[in-house]
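Here the structure is laid out as structure tokens; the discussion comes afterwards.
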Amino acid sequence: MGGVTYNAVVLASGAGTLAEALMKAETEGRLSARVVAVGVDRVAPVQEIARRAGLATFAVFPKDFTDRSTWNRALVSAVAAFKPDLIISAGFMRILGAEFLEVFGDRTINTHPSLLPMFPGAHAVRDALAAGARMTGCTVHKVDAGVDTGPVVAQRMVPVSKNDTEETLHERIKTQERTMLVEVVNRLATGRLKLPN
Numbered sequence: 619m620g621g622v623t624y625n626a627v628v629l630a631s632g633a634g635t636l637a638e639a640l641m642k643a644e645t646e647g648r649l650s651a652r653v654v655a656v657g658v659d660r661v662a663p664v665q666e667i668a669r670r671a672g673l674a675t676f677a678v679f680p681k682d683f684t685d686r687s688t689w690n691r692a693l694v695s696a697v698a699a700f701k702p703d704l705i706i707s708a709g710f711m712r713i714l715g716a717e718f719l720e721v722f723g724d725r726t727i728n729t730h731p732s733l734l735p736m737f738p739g740a741h742a743v744r745d746a747l748a749a750g751a752r753m754t755g756c757t758v759h760k761v762d763a764g765v766d767t768g769p770v771v772a773q774r775m776v777p778v779s780k781n782d783t784e785e786t787l788h789e790r791i792k793t794q795e796r797t798m799l800v801e802v803v804n805r806l807a808t809g810r811l812k813l814p815n
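Position one of the sequence shown corresponds to residue 619 (my numbering), numbered consecutively onward.
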């Protein structure tokens with residue numbers, strides 16, 4: 619999409635399927651934003667996906683810092699270098715601290731594989747199955763200081779099958795999550811959606 623000046627930085631920790639969905643949408647002209655960099659907190663496959671797409675990558679490893687505050691400040695510096703309009707936590711398995719949110723809290727979103735506020739935390743799909751949920755889904759929310767507690771921006775429902783395993787259910791959720799994330803980023807980039815305060 620021509621004339622795009624809306625820049626996004628993606629933070630990820632793993633395989634990078636959400637980041638890849640954004641990159642693919644951009645390549646195909648379906649994204650009104652430009653992914654300018656991918657940052658990681660550990661060595662992860664998403665780095666290679668980003669490199670193949672010609673994107674800048676950066677790594678800020680917590681083990682290299684004496685405490686969380688210092689790590690958060692280093693992450694702020696790394697992200698700020700790309701002058702992002704939006705930061706997308708896409709499978710980023712770290713809590714973003716006060717130092718980060720003071721600078722970027724008004725423009726940081728996260729994806730989560732449940733219908734928040736149900737099943738927050740790192741094991742949302744497993745927790746939904748353990749609770750016998752018949753319906754779950756995915757959420758994009760604005761990041762705040764809590765664990766998956768920020769204001770909801772968008773959600774999609776995914777029914778739970780009686781034969782579902784954690785893997786099969788998570789795969790169906792991820793399919794919806796990828797589509798929803800592209801839609802949310804497009805709406806933010808074109809001004810059709812504003813993040814809640």
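Backbone N, C-alpha and C fix where the C-beta goes; we use that ideal spot for every residue, glycine too.
In this structure V758 touches V802 by the C-beta definition: roughly 5 Å separates them, less than 8 Å. For R669, the uninterrupted alpha helix (DSSP H) run begins and ends at 663–670, by DSSP.
Annotated three-state conformation of K681 is helix, per DSSP. For F700, the secondary structure class from DSSP, reduced to helix, strand or coil, is coil.
Within the model, the alpha-carbon separation for T786 versus V743 is close to 10 Å. Ranked by Cα distance from V678, the first of E666, A668, D659, V654 is D659. Taking the CA atoms as reference points, M641 sits about 7 Å from V653. Put simply, of E666, K681, P680 the residue whose alpha carbon is nearest the alpha carbon of A674 is E666. In the three-state reduction of the DSSP assignment, I791 falls in the helix class, which pools H, G and I.
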